[in-house]
Amino acid sequence: MTTVLERVGEALSSATALSSSRSQLLGFHLLDTLGAWLAGSRTEEARTLARLGADTLIGEGPLDAIALRVATIRLTEIDDIHMPSCTTPSSVVVPVALTLAAAFGEPRSMRFAQALSAGYEAITRLGAAIAGPTILYRGIWPTYLVAPFGAAAVAARLLGLDGGKTADALAIALSMSSGGPGGHSAGASPRWLLVGQAARAGSLAALAAARGYTGDRTLLDGDWLSQVHGIRCDAGPLLAITEADGAVGTLSLKPYCAAKQTIAAIDAFLELLEGGVSPAEITAIRVSVPAAYRAMISGRQVTVSRLRRITSVAYNLALAAYRPDDLGDITRPDLSADERISALTARVEVTEGKELTRLYPQRWPARVTAVLSDGQEVSALVVDARGDPARTLDSSALLDKFHRLADPVLGSKDADTMAAACLGAIEHDGALAKLCAAVDGLRIS
């Protein structure tokens, strides 16, 4: 009898042609992710990770490069997200594909594109199968748990493994998965280090399978995930027929450096400001969101860490009011000493919107109500935030975002060159070779 992993391995290893629309989307997400990587390299967290690599027994080989690149992209909180699975696939898929395509030599765009597509399918499907949007609030970080699986899928496709060996790679990768929260400490959190190492492990799993190592292909047929991680796995999403543009067509792009759970609220508040509401006349703000993440975004202790400033909806709304350009700042400095920002942050209350809870997790909406000094209340509801599949960023907006992120690192001319290589790498071997060389040639520390 064919196992779930064998069926998944067969599907991921199949040499299917990609539609022009899917290819275009892959190029867009490649561009978006490289922008996040470049911007992330300017943060103190990335410098700490780079120093750790230089000061320890961690080397400078491709697997170590994968770990550092994944960590650097994910820490930005400006990379894409798949809402139904609560995973951030490009932070894993793109650096694994680029790094290994370069390491294997003579990168081929068709195989590269298929590897990206396989990774997106693997991560989002497993994330949905384990109910990522639910387990996140039990203290299990879905992206961290599925990263080895997704990395293995990408690497297996680049290696040209058949269905059976791909199943072995996925099984070995699952055995390396952790169900932990990924770390939320106030100091130097290991969160980004851990997800980078998880992607490294999955890449190693595929390399091992290529050398004849075998995994337990029955892991997803019984209750292994339940026994080890306390997670129920529904094989349905893993085995579903791919529709339209596949998983890459269902990803949400982030216009701001902020937790995805706050973005609809930011958009709704900006709508109020653009409609004529002055921050100075606001006496209170009510933010209504789905129950699942109300507590997560309610914090106001933003002096604790950069991550707290990214996840606090109150702080994000204060930035939108007084420092809107800083919503895209990856370094996210503490601006709470600004009395206007601290005052507005203190006026925000986060509540459950029961009608919004019913939309979750397919959508992550928010309603923002501002109470004004004259007693009037004005509200804005955002169901699909800017960047969501229903309101996706077009090529012009994506290029603008890329340049905001990449220009401070590369300069506008070199950023233009990298953008062109990203958008061409999906269909042209020469563009992919240039992109791999450019990425490998950057020594960011």
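Be aware that the sequence shown starts at -3, since it is given in my numbering, and climbs by one per residue. No residue lacks a Cβ here, since even glycine has one placed at the ideal position from N, Cα and C. This structure is a prediction, so every number in the text was calculated from the model and none was measured.
**OP:** Drop a sphere of 10 angstroms on the beta-carbon of Met(-3), count the other beta-carbons inside from all chains shown, and report buried for 16 or more, exposed for fewer.
**Re:** exposed
**OP:** Count the other CB atoms, across all protein chains shown, that sit within 10 Å of the CB of Ala201; report buried if there are 16 or more and exposed otherwise.
**Re:** buried
Original post:
Hey, Lys256 and Ile77: beta-carbon distance below 7 Å or not?
Top reply: yes
Subject >> Distance CB(Ser87)-CB(Ile69) smaller than 7 Å >> reply: yes
Subject >> Delimiting residues of the beta strand (DSSP E) encompassing Arg282 >> reply: Ile278 to Val285
Original post:
Do you know whose CA, among Leu22, Arg104 and Asp396, lies nearest Ala243's CA?
Top reply: Leu22
**OP:** Pull up the distance between the alpha-carbon of Arg65 and that of Glu6, whole angstroms please.
**Re:** 29 Å
**OP:** Please list, in chain order, all residues of the same chain as Tyr311 whose beta carbon is under 6 Å from its beta carbon, the five residues on each side excluded.
**Re:** Val298, Arg305 and Thr341
Original post:
Would you call the CB atoms of Ala206 and Leu269 closer than 7 Å?
Top reply: no
**OP:** Enumerate in chain order the residues of its own chain whose CB-to-CB distance from Arg153 is below 6 Å, with the five nearest sequence positions on each side excluded.
**Re:** Gln110, Ala111 and Ala114
**OP:** Starting from Leu368, follow the alpha helix (DSSP H) in both directions and report where the run begins and ends.
**Re:** Segment Ala362 to Leu368 is the beta strand (DSSP E) holding Leu368; no alpha helix (DSSP H) there.
Original post:
Given 8 Å as the limit, is there contact between the segment 329 to 339 and the segment 364 to 371, that is, 3 or more CB pairs closer than that?
Top reply: no
**OP:** Answer yes or no: do Cys432 and Ala42 have a C-beta to C-beta separation smaller than 7 Å?
**Re:** no
**OP:** Examine the Cβ distances between the segment 231 to 245 and the segment 186 to 193 and report whether three or more of them are shorter than 8 Å.
**Re:** no
Subject >> Opening and closing residue of the beta strand (DSSP E) in which Thr246 lies >> reply: Segment: none, Thr246 is in no beta strand (DSSP E) and carries neither H nor E.
Original post:
Are Ala323 and Tyr209 touching if we call contact CB-CB under 7 Å?
Top reply: As written in the sequence, residue 323 is Leu, which differs from the Ala given in the question. For Leu323 and Tyr209, no; Cβs fall outside 7 Å.
**OP:** List the residues that DSSP assigns as beta-bridge partners of Val346.
**Re:** Val283
Original post:
Which residues mark the beginning and the end of the alpha helix (DSSP H) in which Ala127 is found?
Top reply: Segment: none, Ala127 is in no alpha helix (DSSP H) and carries neither H nor E.
Original post:
Looking at the unbroken beta strand (DSSP E) that takes in Ser274, where does it start and where does it end?
Top reply: Taken as a continuous stretch (DSSP letters only), Ser274 belongs to no beta strand (DSSP E), as it is neither H nor E.
Original post:
Who are the Cβ neighbours of Ala280 in its own chain at under 6 Å, not counting the five residues just before and after it?
Top reply: Arg343 and Val367
**OP:** Just mark Ala421 as buried or exposed, buried being the case when its beta carbon has 16 or more other beta carbons within 10 Å.
**Re:** buried
**OP:** Compare the beta carbon distance of Gly526 and Phe398 with 7 Å and say whether it is the shorter of the two.
**Re:** Residue 526 lies beyond the stretch modelled for the chain, which goes from -3 to 441, so this question has no answer here.
**OP:** Please classify Asp158: is it buried, with 16 or more other beta-carbons within 10 angstroms of its beta-carbon, or exposed?
**Re:** exposed
**OP:** Report the partner residues of Ile77 according to the DSSP bridge assignment.
**Re:** Ser248
Original post:
Is it true that the CB of Phe24 sits closer than 7 Å to the CB of Leu394?
Top reply: yes
Subject >> Helix, strand or coil at Gly5 according to DSSP, with G and I counted as helix >> reply: helix
Original post:
Does the count of Cβ pairs from the segment 219 to 234 and the segment 126 to 134 closer than 8 Å reach three?
Top reply: yes
Original post:
Alpha carbon to alpha carbon, how far is His424 from Ala415?
Top reply: 14 Å
Original post:
Around the Cβ of Pro361, are there at least 16 other Cβ atoms within 10 angstroms (buried) or fewer (exposed)?
Top reply: buried
Original post:
How many angstroms separate the CA atom of Ala376 from the CA atom of Leu355?
Top reply: 17 Å
Original post:
Can you tell me whether DSSP reads Thr139 as helix, strand or coil?
Top reply: helix
Original post:
Where do the ends of the alpha helix (DSSP H) carrying Val92 lie?
Top reply: Ser86 to Phe100
Subject >> Span of the alpha helix (DSSP H) around Ala402 >> reply: Ser391 to Leu406
**OP:** Please list, in chain order, all residues of the same chain as Leu389 whose beta carbon is under 6 Å from its beta carbon, the five residues on each side excluded.
**Re:** Leu249 and Gly383
**OP:** Please report the Cβ distance between Gly135 and Ala169, rounded to the nearest whole angstrom; I am assuming they are in contact, meaning their Cβ atoms lie under 8 Å.
**Re:** About 22 Å; that fails the 8 Å criterion.
**OP:** Tell whether a beta-carbon distance below 7 Å holds between Ile62 and Pro91.
**Re:** yes
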